[in-house]
Amino acid sequence: MKVITVIFSFLSLFSCQNFGSLKLISELSKDLEEVSGAEVVANSDLIWMQNDSGNKPKIYGVSATGNIVEELTIKEKNHDWEDLASDEEGNLYIGDFGNNDSERENLVILKVKHGDLTSSKKIKVEKIKFSYPEQKKFPPKKKKLFFDAESFFYYNNSFYVFTKSRVEGKYGKTSLYKVPAKEGKHEAVFISEFNNCNDKECWITLQIFLMMEAK
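Take the position in the sequence shown, starting the count at 1, then add 10; the result is the number in our numbering.
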């Protein structure tokens with residue numbers, strides 16, 4: 011679960027470059043108790059959010075004061091939704107790639123077209139399926155649990171996915187993969203690997219990229 015009340019403050023602070031203090035704007039609705047992704051979208055005044063696995067397949071458009079304005083039902087299962095991204099046309103992408111035990115073979119990014127962000131019907135989405143070329147077993151041995159992910163962003167018609175390590179003593183290991191932003195089944199392309207530190211606190215999560223995109 012992410013601390014979205016703090017993220018609201020980050021968005022405001024980043025726009026005015028005032029880093030002196032954080033201001034609590036609002037407590038979120040109980041419908042958003044397990045928020046795992048948030049995103050701002052072109053041609054929309056709302057902040058879009060989603061809940062983690064075990065929750066309904068819904069995305070929520072939230073006002074700057076924390077009120078739910080739009081509640082959309084996605085015609086797909088919430089296996090383990092972890093993050094949101096958007097493109098320059100205002101399309102929204104759901105990262106269904108949470109993979110705690112590195113056992114999933116159905117990793118997917120779901121595309122919600124901008125025109126459907128005000129729909130009252132169940133929304134049919136495009137599927138961008140992908141796999142990690144380095145993973146050969148599902149699940150792999152405990153010393154190779156490197157295929158969980160919680161964060162991604164869109165840039166130049168591609169997605170960039172950051173993995174999380176579940177290996178004790180190597181929690182800071184992160185691999186960056188590139189996935190084409192088009193419907194179909196793809197093998198992710200390994201870009202680079204780096205190590206933040208060896209603690210779980212080093213995991214890359216949504217807040218970093220939300221702040222970058224909001225700049």
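Every residue gets a Cβ at the ideal spot worked out from N, C-alpha and C, and that includes glycine.
Helix, strand or coil for L102, going by three-state DSSP, please let me know. strand
Leaving out five residues before and five after K132 in sequence, what residues of the same chain have Cβ atoms less than 8 Å from its Cβ? T83, I84, K85
Can you tell me which of Y181, S129, V118 puts its alpha carbon nearest to the alpha carbon of F169? V118
Quick one, are the C-beta atoms of S54 and G105 less than 9 Å apart? A distance of 9 Å or more separates the beta carbons of S54 and G105.
Along the chain, where does the beta strand (DSSP E) that runs through K68 open and close? 68 to 72
Close-in-space but distant-in-sequence residues of the same chain around K192 (CB under 8 Å, 5 per side omitted): I138, N167
Could you check what DSSP says for L42 in three-state terms: helix, strand or coil? helix
Please state whether the Cβ-Cβ distance between N205 and G179 is less than 9 Å. no
Nonlocal neighbours in the same chain, by C-beta distance under 6 Å from Y236, ignoring five residues either side: Absent from the model: residue 236. The displayed extent of the chain is 11 to 225, so no value can be given.
Taking the runs of the beta strand (DSSP E) that are 3 residues or longer, which of them lie wholly in the stretch 142 to 179? 158 to 165, 168 to 174
Assign G8 to one of three DSSP states: helix, strand, or coil. The structure shown does not extend to residue 8, since the chain is modelled only from 11 to 225, so the question has no answer here.
How is E89 classed by DSSP in three states: helix, strand or coil? Glu is not the amino acid found at residue 89; the sequence shown has His there. Coil at H89, not helix or strand.
Do you know how far the Cα of Y187 is from the Cα of E197? Per the coordinates, the alpha-carbon of E197 lies some 10 Å from the alpha-carbon of Y187.
Measuring straight from C-alpha to C-alpha, what distance separates S39 and V72? 10 Å
Minimum C-alpha distance to S36 - residue among V51, E49, N77, S46: N77
Environment of D158 [buried if 16+ CB atoms lie within 10 Å]: buried
What is the rounded straight-line gap between the Cα of S25 and the Cα of V51? Since pLDDT at S25 reaches only 44, below the 50 mark, its modelled position is unreliable, and no value is offered.
Am I right that S185 and P149 are in contact with their C-beta atoms under 8 Å? What's the rounded C-beta distance? With a Cβ gap of about 17 Å, S185 and P149 do not count as contacting.
Pairwise C-alpha distance: S31 and F140: 41 Å
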